[in-house]
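First up is the structure itself, then whatever we jot down about it.
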Amino acid sequence: MAGKIKLGVLGSGSGSNMQAIMDAIDAGELNAEIVLVMSDFPDAYILERARKAGLPAEVIDCGGYKTKFPDESQAAVAAKLKDAGVEIVCLAGFMRLVKQPLLEVFPDRILNIHPSLLPAYPGLMAWKQAVDDGATESGCTVHHVDAGMDTGPIILQAKVPVLPDDDAASLHARIQIQEHSLYPRAISKIAKTATEK
Ligand code: GAR
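Our numbering applies: residue 1002 is where the sequence shown begins, and numbers increase by one.
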């Protein structure tokens, strides 16, 4: 069997998508290993999940900025990911915009999961945008990351109906169920292409 592809995961929150990636690896559905997990929030549960699983977990120093991802921080993250041997970077609920210092080190190798059918509802709280908009369908998207906000080439999508009695939380919960199977499948697809090259 070909070698496992090395993943780095960046997240800002609970890390349920990272958990889904770990579960897919354990189940033999994704030929990969997570070699580094990084978060911009020291208290983010994604770091605790990583540590519990015995994975290296590090806090990203964003220089005290709440939402900005300074160039120096991006360069430092890129260097750490490279040092760890990361081949594919997975954004899993990472809430800062990735720009050149990271993009240029991992061209076409940074993936993101977004809770809508892009190009619909980019940006924050996409599930709430869908409910507020009266949409009857939403879903989730895994895409390559480029310098825009949720604009890179789409890899896979899954549709989720918006039910008449949905609120933002109930829709997000159903979207997340789809995310958890979509993200490992999308990573597997990209990993196979990457190892063929
Ligand atoms: C997920 O629903 C993901 O799609 C979303 O944040 C959540 C993270 O959940 N990402 C974005 O909105 C990015 N624009 P998790 O921490 O449990 O994986």
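Backbone N, C-alpha and C fix where the C-beta goes; we use that ideal spot for every residue, glycine too.
Backbone secondary structure at residue i - three-state DSSP
i	result
M1126	coil
T1142	strand
M1002	Annotation note: pLDDT 45 at M1002 (below 50); position unreliable, coordinate value reported separately. In this structure, M1002 counts as coil in the three-state DSSP scheme.
L1112	strand
H1173	helix
L1164	coil
A1076	helix
K1100	coil
V1087	coil
E1180	helix
V1036	strand
V1132	helix
L1223	The structure shown has nothing for residue 1223, since the chain only spans 1002 to 1198.
L1082	helix
Contact test: residue i Cβ vs the ligand GAR heavy atom, cutoff 7 Å
i	result
N1032	no
P1154	no
E1180	yes
S1017	yes
G1065	no
Q1177	yes
A1080	no
H1144	no
The ligand GDP heavy atom lying under 7 Å from the CB of residue i
i	result
P1120	Ligands in the displayed structure: the ligand GAR; the ligand GDP is not one of them.
C-alpha distance - residue i paired with residue j, whole-angstrom precision
i	j	result
P1154	T1194	15 Å
M1002	I1114	The predicted model places M1002 with a pLDDT of 45, which falls under 50 and marks its position as unreliable; any figure quoted below should be read in that light. M1002 and I1114: Cα-Cα distance of roughly 28 Å.
Y1122	A1131	7 Å
K1007	I1089	7 Å
V1010	V1060	12 Å
A1170	Q1101	33 Å
K1056	I1156	First, the residue type needs correcting, since residue 1056 is Leu and not Lys in the sequence shown. Whole-angstrom Cα-Cα distance: 27 Å.
G1004	A1058	23 Å
T1142	F1107	20 Å
Chain C within 8 Å of residue i, Cβ atoms only
i	result
D1041	Considering every chain present, this structure includes no chain C. It has just one protein chain.
Pick out the complete alpha helix (DSSP H) segments inside the region 1038 to 1074, 4 residues or longer, and give them in chain order. For the region 1038 to 1074, the continuous alpha helix (DSSP H) assignments of 4+ residues that do not extend past its boundaries occur at 1046 to 1053, in sequence order.
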